[in-house]
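**Student:** In this note's numbering, the protein residues as written are 2 to 169.
Yeah, the Cβ is synthetic: ideal placement off N, Cα and C, and Gly gets one too.
The following block contains the structure:
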């Protein structure tokens, strides 16, 4: 008798939950291009230097300050995805997400003990409450009255990536 580890294990073509599959959706990509938004950048710390997409993103924006950060929660079941949105002093907005790989074969495994590989990104959005993916609400907002250096976000991402419980 076949014993399944997950009730979704036999559904490799099931649509990914929440915002995960939208990042590679052709309509979303076309909207982003039409709006002149930067392409999403995968957050990886392989080698910190020229050619690393995160490093290159940081260099493009390092001369500006953080104005505001928000923890936001999407209103779409089943996962009510949470992410961080932030505003730069240049009036540009970005969101940081931990999703699963856009081509994840068993997306519902994210709810199982083994989990799925994390796919962390920073991508430009049109406003803090941009709803290109799903409507969301602000849970927490921090305003930096004197501005904060953009490197703060990179430092936090690196610290999280080094935490053994956050590596999956």
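Quick check on residue 155: buried or exposed, where buried means 16 or more other Cβ atoms within 10 Å of its Cβ?
**Tutor:** Numbered from its first residue, the chain shown carries residue 155 at position 154. By the neighbour-count rule (16 or more Cβ atoms within 10 Å), residue 155 is buried.
**Student:** Hey, quick one: how far does the beta strand (DSSP E) through residue 120 stretch, first residue to last?
**Tutor:** Here the question's residue 120 lines up with position 119 in the chain shown. Segment 119-126, the beta strand (DSSP E) holding residue 120.
**Student:** Note down, one range per segment and in chain order, each alpha helix (DSSP H) of at least 4 residues found wholly within the region 39-99.
**Tutor:** Within the region 39-99, the complete alpha helix (DSSP H) runs of at least 4 residues are 54-62.
**Student:** Compute the beta-carbon to beta-carbon distance between residue 74 and residue 138, rounded to the nearest angstrom, for a pair I have assumed lies under 8 Å.
**Tutor:** Looking up residue 74 in the chain shown gives position 73. Looking up residue 138 in the chain shown gives position 137. Yes, they are in contact, since the Cβ atoms of residue 74 and residue 138 sit about 6 Å apart, within 8 Å.
**Student:** Could you compute how far the alpha carbon of residue 94 sits from the alpha carbon of residue 63?
**Tutor:** Taking the first residue of the chain shown as position 1, residue 94 is located at position 93. Taking the first residue of the chain shown as position 1, residue 63 is located at position 62. Cα to Cα, the separation comes out at about 14 Å.
**Student:** Let me know the secondary structure DSSP gives residue 152 once reduced to three states.
**Tutor:** For the purposes of this step, residue 152 is identified with residue 151 of the chain shown, where counting begins at 1. Three-state DSSP puts residue 152 in a helix.
**Student:** Three Cβ pairs or more, each shorter than 8 Å: is that satisfied between the region 75-94 and the region 159-168?
**Tutor:** Judged by Cβ distances under 8 Å, the region 75-94 makes no contact with the region 159-168, as fewer than three pairs qualify.
**Student:** For residue 132, name the three-state secondary structure that DSSP assigns.
**Tutor:** Position 131 of the chain shown, counted from the start, is the residue given in the question as residue 132. Of the three classes helix, strand and coil, the one that applies to residue 132 here is coil, per DSSP.
**Student:** Any heavy atom of the ligand ZN within a distance shorter than 8 Å of the CB on residue 149?
**Tutor:** You won't find the ligand ZN in this model; it holds no ligand whatsoever.
**Student:** Output yes or no for whether 9 Å exceeds the beta carbon distance between residue 42 and residue 57.
**Tutor:** Against the chain shown, residue 42 aligns to sequence position 41. Against the chain shown, residue 57 aligns to sequence position 56. Cβ atoms of residue 42 and residue 57: closer than 9 Å.
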